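Peer 1: Dropping the structure in here first, questions after.
Protein chains: 2
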Amino acid sequence: MQIEPEAILPVVTATATVRPGAGAELRVMALQQFAAVGFAGTSLQQIAASAGYSKSSVLYHFASKDALLGEVLTPAIERLEAILGDFTSTSEDAASRRQFVEDFVDFLLQYRLEVHVLINQAQSLKGIAVIDRARALIVRLGDALCQEHATTIDRMRFGVALGGAAYSLVAGLTFFDEDITPPDDLRPALITLLSELLAPVAVRTTQPRK
Amino acid sequence: MQIEPEAILPVVTATATVRPGAGAELRVMALQQFAAVGFAGTSLQQIAASAGYSKSSVLYHFASKDALLGEVLTPAIERLEAILGDFTSTSEDAASRRQFVEDFVDFLLQYRLEVHVLINQAQSLKGIAVIDRARALIVRLGDALCQEHATTIDRMRFGVALGGAAYSLVAGLTFFDEDITPPDDLRPALITLLSELLAPVAVRTTQPRK
DNA sequence: ACTTTAGCTGACCGATCGGTCAGTTCCTGC
DNA sequence: GCAGGAACTGACCGATCGGTCAGCTAAAGT
Numbered sequence: 020m021q022i023e024p025e026a027i028l029p030v031v032t033a034t035a036t037v038r039p040g041a042g043a044e045l046r047v048m049a050l051q052q053f054a055a056v057g058f059a060g061t062s063l064q065q066i067a068a069s070a071g072y073s074k075s076s077v078l079y080h081f082a083s084k085d086a087l088l089g090e091v092l093t094p095a096i097e098r099l100e101a102i103l104g105d106f107t108s109t110s111e112d113a114a115s116r117r118q119f120v121e122d123f124v125d126f127l128l129q130y131r132l133e134v135h136v137l138i139n140q141a142q143s144l145k146g147i148a149v150i151d152r153a154r155a156l157i158v159r160l161g162d163a164l165c166q167e168h169a170t171t172i173d174r175m176r177f178g179v180a181l182g183g184a185a186y187s188l189v190a191g192l193t194f195f196d197e198d199i200t201p202p203d204d205l206r207p208a209l210i211t212l213l214s215e216l217l218a219p220v221a222v223r224t225t226q227p228r229k
Numbered sequence: 020m021q022i023e024p025e026a027i028l029p030v031v032t033a034t035a036t037v038r039p040g041a042g043a044e045l046r047v048m049a050l051q052q053f054a055a056v057g058f059a060g061t062s063l064q065q066i067a068a069s070a071g072y073s074k075s076s077v078l079y080h081f082a083s084k085d086a087l088l089g090e091v092l093t094p095a096i097e098r099l100e101a102i103l104g105d106f107t108s109t110s111e112d113a114a115s116r117r118q119f120v121e122d123f124v125d126f127l128l129q130y131r132l133e134v135h136v137l138i139n140q141a142q143s144l145k146g147i148a149v150i151d152r153a154r155a156l157i158v159r160l161g162d163a164l165c166q167e168h169a170t171t172i173d174r175m176r177f178g179v180a181l182g183g184a185a186y187s188l189v190a191g192l193t194f195f196d197e198d199i200t201p202p203d204d205l206r207p208a209l210i211t212l213l214s215e216l217l218a219p220v221a222v223r224t225t226q227p228r229k
């Protein structure tokens, strides 16, 4: 549900119905399952069945379950790496920080499920290449935002912003019926919240609020 | 690791070494595994082995894997129910809200792993009695804090506070080496952060900061 | 027309899953 | 001494896991 139909329905060409790339379909279904019930809780059978293929077909397109996870998560990781690269290559001022928050929010909105998987399952998937890469990236992200003078509350601001955003975008609809999120208000609200949380962290012009 | 040794080491009595309750040991180990690799990713064999028992012994003490999960999570749920009960039974003013935030932070610190499991795996464990109970409780918690006039950003403040706190207390040590958290600074820092996040939600006297 | 090749599948593999059951051990009450 | 029960275990069950492999089909190249 709530995936763009283009990615899941067959595309009718002039001659016959042709799949828009079985690999892409499988990636979409796999991502949904990984986010919903976890990597360990998802079987290749379920992924195959939800896309209308056989388990063998999944393993034809992807070398292994781990490789499938890798291909599913890589686009998000590369996007985040690009955002972080942009941010660290600019001088640290209010404008670049605002730009970063906007980029980051857009990233969160575009790759909600991937982020959810990375945030919530990274520790249990240690050893898988793509996961270790993401972990290193998030550490770099924390360093870039918190720099070396990280107080406990500053580090925690970063953690709360990261985990909170990931949670409220996906796991939140666990508790409140279906989807609470009005997608239009969501982006500005997220930007406001993350700005509040991250603003004091690295600027150092912070007096401990109150 | 990082569990109180009293709960895991044998207690030497006058006559011989006696286990301080195999059930308690198993609950502790099960909770750690559930939080670390997920409910689906944890096998009864692993739980048994980590506690020095056989798989059969786990199923002797607990009727099923689901029942074990229930017994592991119930204390945390009951504590949160008590906190919410206290909060809703008082008049809604700044003092009772401050009391609630403090209680809630202490709850988070005491039941980190349970909260982490509930927050991150509730959706994948739908149908298990204890999980459904927790879901209903969290919805009630959201209602109590957000009341009926919930704007998008207000609801999101609640979600970010909940998910962010749960994440930064447990999953955070996924990315930063071992445990970053200095336990003394942690409580006041969490109280400050949650007060910031939750304060504007229901008080409505908020002017958009900045 | 024949070959090649990509896409896909069912049958099968060893391992492991949650769970059952018969039995062993050991402590306690009588 | 003995019966009874609690704690615990190994053997076993059907199901499912991730993964391999030989073979099927249909389109494309020649």
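These protein sequences, in sequence, are chains A and B.
The working numbering puts the first residue of the first sequence at 20, with every later residue one more than the last.
The working numbering puts the first residue of the second sequence at 20, with every later residue one more than the last.
Using N, Cα and C, we set each Cβ at its ideal position, and we do this for glycine too.
Note that the structure is predicted; figures quoted are calculated from it, not measured.
Nearest-angstrom Cα distance between B/Pro202 and A/Glu90?
Peer 2: Within the second sequence, the letter at position 183 stands for residue 202 of chain B. Within the first sequence, the letter at position 71 stands for residue 90 of chain A. Approximately 38 Å between the Cα atoms of the pair.
Peer 1: How would you call B/Val56, buried or exposed, if buried means at least 16 neighbouring beta carbons within 10 angstroms?
Peer 2: Here residue 56 of chain B refers to the residue found at position 37 of the second sequence. By the neighbour-count rule (16 or more Cβ atoms within 10 Å), B/Val56 is buried.
Peer 1: Measuring only the C-alpha atoms, how far is B/Leu212 from B/Leu164?
Peer 2: The count along the second sequence starts at 1 and reaches residue 212 of chain B at position 193. The count along the second sequence starts at 1 and reaches residue 164 of chain B at position 145. Those two C-alpha atoms are separated by around 16 Å.
Peer 1: So does the region 76-96 of chain A actually touch the region 84-102 of chain B, counting three or more Cβ pairs closer than 8 Å?
Peer 2: No contact exists between the region 76-96 of chain A and the region 84-102 of chain B.
Peer 1: Return the first residue and the last residue of the alpha helix (DSSP H) that A/Ile138 is part of.
Peer 2: As a working note, residue 138 of chain A is residue 119 in the first sequence. 131-140 is the span of the alpha helix (DSSP H), which, as asked, contains A/Ile138.
Peer 1: What does the alpha-carbon distance come out to for the pair B/Ser139 and B/Ala95?
Peer 2: Taking the first residue of the second sequence as position 1, residue 139 of chain B is located at position 120. Taking the first residue of the second sequence as position 1, residue 95 of chain B is located at position 76. In the sequence as displayed, the identity of residue 139 of chain B is Asn instead of Ser. Those two C-alpha atoms are separated by around 15 Å.
Peer 1: Where does B/Ala113 land, buried or exposed, given buried means 16+ other C-beta within 10 angstroms?
Peer 2: Start at 1 with the first residue of the second sequence, and residue 113 of chain B comes out as number 94. Counting Cβ neighbours within 10 Å, B/Ala113 comes out exposed, since fewer than 16 surround it.
Peer 1: Can you list, in chain order, the residues of its chain with a C-beta nearer than 7 Å to that of B/Phe106? Leave out the 5 residues immediately preceding and following it.
Peer 2: Start at 1 with the first residue of the second sequence, and residue 106 of chain B comes out as number 87. The residues are Ser115, Phe119, Ala163.
Peer 1: Beta-carbon of A/Tyr186 versus every beta-carbon of chain B: anything under 7 Å?
Peer 2: By one-based count along the first sequence, residue 186 of chain A stands at place 167. Yes, contact with chain B.
Peer 1: Assuming B/Arg176 contacts B/Leu128 (C-beta within less than 8 Å), just tell me the rounded distance between them.
Peer 2: As a first step, residue 176 of chain B is located in the second sequence; it is residue number 157 there, counting from the start. As a first step, residue 128 of chain B is located in the second sequence; it is residue number 109 there, counting from the start. Actually they are not in contact, since the Cβ atoms of B/Arg176 and B/Leu128 sit about 21 Å apart, beyond 8 Å.
Peer 1: Could you tell me which chain A residues have their CB closer than 7 Å to the CB of B/Gln166, listed as they occur along the chain?
Peer 2: On the second sequence, position 147 is the one that residue 166 of chain B refers to. Going along chain A, no residue has its Cβ under 7 Å from B/Gln166, so there is no contact; the nearest lies around 14 Å.
Peer 1: On the criterion of 16 or more Cβ atoms from any shown chain inside 10 Å, does A/Asp173 qualify as buried, or is it exposed?
Peer 2: Working through the first sequence from its first residue, we reach residue 173 of chain A at position 154. By the 10 Å Cβ count, A/Asp173 comes out buried.
Peer 1: Would you check if the region 50-67 of chain B and the region 41-60 of chain A touch, i.e. whether three or more CB-CB distances between them fall below 8 Å?
Peer 2: Yes, the region 41-60 of chain A touches the region 50-67 of chain B.
Peer 1: Quick check on B/Gln142: buried or exposed, where buried means 16 or more other Cβ atoms within 10 Å of its Cβ?
Peer 2: By 1-based counting over the second sequence, the position of residue 142 of chain B is 123. Label assigned to B/Gln142: buried.
Peer 1: Check whether the Cβ atoms of B/Leu132 and B/Leu78 lie closer than 7 Å to each other.
Peer 2: Counted from its first residue, the second sequence places residue 132 of chain B at position 113. Counted from its first residue, the second sequence places residue 78 of chain B at position 59. For B/Leu132 and B/Leu78, no; Cβs fall outside 7 Å.
Peer 1: Name the chain B residues whose beta carbon is nearer than 9 Å to that of A/Gln51?
Peer 2: As a working note, residue 51 of chain A is residue 32 in the first sequence. None at all; the shortest Cβ gap to chain B is about 12 Å.
Peer 1: Starting from the Cα of B/Val134, find the closest Cα among B/Arg154, B/Ser214, B/Arg117 and give me that residue.
Peer 2: Sequence index remark: in the second sequence, residue 134 of chain B carries index 115 (1-based). Checking every option, the nearest Cα to that of B/Val134 belongs to B/Arg154.
Peer 1: State the DSSP-derived secondary structure class of A/Ala169, mapped to helix, strand or coil.
Peer 2: For the purposes of this step, residue 169 of chain A is taken as the residue at position 150 of the first sequence. Looking at A/Ala169 - three-state DSSP - the assignment turns out to be coil, as it is neither helix nor strand.
Peer 1: Are A/Arg159 and A/Phe126 closer than 7 Å when you measure CB to CB?
Peer 2: Along the first sequence, one-based indexing puts residue 159 of chain A at 140. Along the first sequence, one-based indexing puts residue 126 of chain A at 107. Cβ atoms of A/Arg159 and A/Phe126: not closer than 7 Å.
Peer 1: Who are the near neighbours of B/Val136 in its chain, counting only those whose CB is closer than 6 Å to its CB and skipping five residues on each side?
Peer 2: Against the second sequence, residue 136 of chain B aligns to sequence position 117. Around B/Val136: Phe53, Ala54.
Peer 1: Run the proximity test for B/Ile102: is its beta-carbon closer than 6 Å to any non-hydrogen atom belonging to the ligand FAD?
Peer 2: Among the components modelled here there is no ligand, and therefore nothing to report on the ligand FAD.
Peer 1: Would you mind telling me which residues of chain B sit closer than 9 Å to A/Val134, beta carbon to beta carbon, in chain order?
Peer 2: In the first sequence, the residue the question calls residue 134 of chain A occupies position 115. By Cβ distance, chain B contributes nothing, its closest Cβ being about 12 Å from A/Val134, past 9 Å.
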